[in-house]
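A.B. asks: Residues in the sequence shown are numbered consecutively from 1, following the UniProt record's numbering.
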Amino acid sequence: MASDQRSQRSNILFAYGVALFLVFLYLARDVVLLVYISALSAVVIFPGVEQVQKLRVGSWHPSRGLAILLVIVGVLALLTVFFIFALPPIFHDLRALATEGPARTAELSERLRRIPYADRLDTNALQGYAAGAVGGMLGLFKGVAGGVLAFFSWLVMTAYFIIDGEHVFDWAMSLSPKRHRQRLEPTVRRAQRRVRNWLIGQGALMLILGTAAFIVFGAMQLKYFYLLAVVAGLANIIPIVGPIVTVVLASLVAATDSWTKVGGVLIFYLVYQQVENAFLTPRIMKSTVDLPPVAVIVALALGGAVAGIAGALIAVPTAAWVAVLIDEYVVKENEPASA
């Protein structure tokens with residue numbers, strides 16, 4: 001009886017402890033997100049450091065510290081090129097869209113009225129949605145531009161995780177019971193590899209779509225094609241919904257010029273989706289975690305609700321981690337019982 005009461009008290013105290021810990025994580029979510037994003041970045045960048053360390057010039061090869069420095073300098077160089085050459089046209093398109101938006105929305109409303117049964121559309125609501133979308137995109141890019149301190153904090157913490165990541169990993173594994181460690185450690189390392197492959201693969205797909213949209217929309221002389229290409233690439237992380245949103249946005253912009261351009265936008269997306277589904281995705285994402293589209297959408301929604309844009313960014317990699325753990329500890333354990 002006394003042992004049951006002690007066990008019950010222990011369970012209650014444990015539940016309170018977990019609840020307090022979750023509350024603490026929520027209150028300190030900005031710092032926790034920064035640490036988590038830095039750790040994910042280190043997981044992605046670390047193979048690059050290993051490759052640099054393998055370089056040989058005679059009998060000399062770069063040390064670990066020099067390899068990390070070279071990789072970080074390379075990342076900074078790529079980001080600098082992006083900021084210098086890509087951001088100014090994007091901000092120019094944003095300013096132009098904010099200035100010309102009302103007039104172009106009115107032109108679009110007039111064109112839509114000429115379509116049969118289009119008189120049932122609420123054009124005032126359309127103008128409101130367009131204004132809201134412009135304001136939201138402006139707020140997004142201002143927030144990104146204002147995160148200089150967070151960027152340097154991320155850079156320092158990512159470098160730390162690359163340098164001392166193995167010690168942090170070993171310490172984290174030491175917290176688990178010894179009887180579970182032999183199974184947990186290889187599972188976590190497998191999850192690291194798959195999440196790394198997922199991040200790299202998804203980034204490649206986003207870059208390919210953004211580049212293709214930039215070339216095609218530029219050739220079509222579509223208004224705000226810099227901005228539309230960036231939105232197309234970023235939205236590609238959201239399955240099903242992302243491409244639909246970008247098709248609608250690009251089609252609305254094209255409709256202010258001509259219906260021919262609308263047709264061009266639709267043909268581009270139809271062709272690209274066929275190429276991506278049949279050729280790109282099977283080859284680029286073959287070694288990653290297979291996440292159902294619903295899981296990705298739910299993860300993005302939950303991450304965005306908890307921590308905004310940063311939460312949405314880390315939501316899908318986190319879902320990939322969880323998928324690997326579920327596969328190891330739930331699916332595999334149930335296989336013998338079902339056999």
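We put the CB at the ideal spot given by N, CA and C, even for glycine.
Alpha carbon to alpha carbon, how far is Tyr226 from Gly263?
C.D. replies: The residue labelled residue 226 in the question sits at position 226 within the sequence shown. The residue labelled residue 263 in the question sits at position 263 within the sequence shown. Approximately 19 Å, taken between the alpha carbons.
A.B. asks: Looking only at C-alpha atoms, which of Thr246, Phe85, Lys178, His180 sits nearest to Met206?
C.D. replies: As a first step, residue 206 must be located in the sequence shown, where it is residue number 206. When each option's Cα is compared against that of Met206, the closest is Thr246.
A.B. asks: Can you tell me where the alpha helix (DSSP H) with Phe217 in it begins and where it stops?
C.D. replies: For this step, residue 217 is matched to residue 217 along the sequence shown. Element bounds for Phe217: 178 to 219.
A.B. asks: Quick check: the Cα distance between Leu302 and Ile208, rounded to an integer number of angstroms?
C.D. replies: Within the sequence shown, numbered from 1, the residue matching residue 302 stands at position 302. Within the sequence shown, numbered from 1, the residue matching residue 208 stands at position 208. Taking the straight line from one Cα to the other gives about 27 Å.
A.B. asks: Relative to the C-alpha of Ala310, which candidate in Asp30, Asn11, Ile238, Val253 has its C-alpha closest?
C.D. replies: For the purposes of this step, residue 310 is taken as the residue at position 310 of the sequence shown. Nearest C-alpha to Ala310: Asp30.
A.B. asks: Got a sec? Which residues, its chain only, sit under 7 Å from Gln273 by beta carbon, not counting five neighbours each side?
C.D. replies: For the purposes of this step, residue 273 is identified with residue 273 of the sequence shown, where counting begins at 1. Hits under 7 Å: Pro243.
A.B. asks: Counting only the same chain and skipping the five closest in sequence on each side, list residues whose C-beta sits under 6 Å from that of Val241.
C.D. replies: Working through the sequence shown from its first residue, we reach residue 241 at position 241. None.
A.B. asks: Roughly how many angstroms separate the alpha carbons of Ala145 and Tyr329, rounded to a whole number?
C.D. replies: Locating residue 145 in the sequence shown gives position 145, where the first residue counts as 1. Locating residue 329 in the sequence shown gives position 329, where the first residue counts as 1. Any reading at Ala145 needs caution, since the residue's pLDDT is 49, under 50, leaving its predicted position unreliable; the model's value is listed next. Their Cα atoms are separated by approximately 42 Å.
A.B. asks: Excluding the 5 residues flanking Ala212 on each side, which residues of the same chain have their C-beta closer than 7 Å to its C-beta?
C.D. replies: Working through the sequence shown from its first residue, we reach residue 212 at position 212. Here the set comprises Tyr272.
A.B. asks: How many Å lie between Ile284 and Ala204 at the Cα?
C.D. replies: The residue labelled residue 284 in the question sits at position 284 within the sequence shown. The residue labelled residue 204 in the question sits at position 204 within the sequence shown. Straight-line Cα distance between these residues: approximately 8 Å.
A.B. asks: In whole angstroms, what is the alpha-carbon distance linking Thr281 and Ser10?
C.D. replies: Walking along the sequence shown from the start, residue 281 turns up at place 281. Walking along the sequence shown from the start, residue 10 turns up at place 10. Approximately 49 Å, taken between the alpha carbons.
A.B. asks: Tell me the rounded alpha-carbon separation between Asn277 and Ile267.
C.D. replies: Taking the sequence shown and counting its residues from 1, the one referred to as residue 277 is at position 277. Taking the sequence shown and counting its residues from 1, the one referred to as residue 267 is at position 267. C-alpha separation (whole angstroms): 16 Å.
A.B. asks: Report yes if the CB atom of Ile53 is closer than 8 Å to the CB atom of Pro62, and no otherwise.
C.D. replies: Locating residue 53 in the sequence shown gives position 53, where the first residue counts as 1. Locating residue 62 in the sequence shown gives position 62, where the first residue counts as 1. Checking the displayed sequence, the identity of residue 53 turns out to be Gln instead of Ile. In this structure, Pro62 lies closer than 8 Å to Gln53 by Cβ.
A.B. asks: Using CA atoms only, rank isn't needed, just tell me which of Leu76, Lys223, Leu55, Ile12 is closest to Asp257.
C.D. replies: Taking the first residue of the sequence shown as 1, we reach residue 257 at position 257. Comparing Cα-Cα distances from Asp257 to each of Leu76, Lys223, Leu55, Ile12, the minimum goes to Lys223.
A.B. asks: When the Cα atoms are used, what is the spatial distance from Thr318 to Ile237?
C.D. replies: Numbered from 1 along the sequence shown, position 318 holds the residue referred to as residue 318. Numbered from 1 along the sequence shown, position 237 holds the residue referred to as residue 237. Cα to Cα, Thr318 sits roughly 14 Å from Ile237.
A.B. asks: Output needed for Arg190: all residues of its chain with C-beta closer than 7 Å, excluding positions within five of it in sequence on either side, in chain order.
C.D. replies: Stepping through the sequence shown from its first residue, residue 190 is reached at position 190. Only Val324 meet the Cβ criterion.
A.B. asks: What is the residue span of the alpha helix (DSSP H) that Thr256 lies within?
C.D. replies: By 1-based counting over the sequence shown, the position of residue 256 is 256. That residue, Thr256, is in no alpha helix (DSSP H); it is neither H nor E in DSSP.
A.B. asks: Pick out the complete alpha helix (DSSP H) segments inside the segment 294 to 336, 4 residues or longer, and give them in chain order.
C.D. replies: Entirely contained in the segment 294 to 336, not one alpha helix (DSSP H) run reaches 4 residues.
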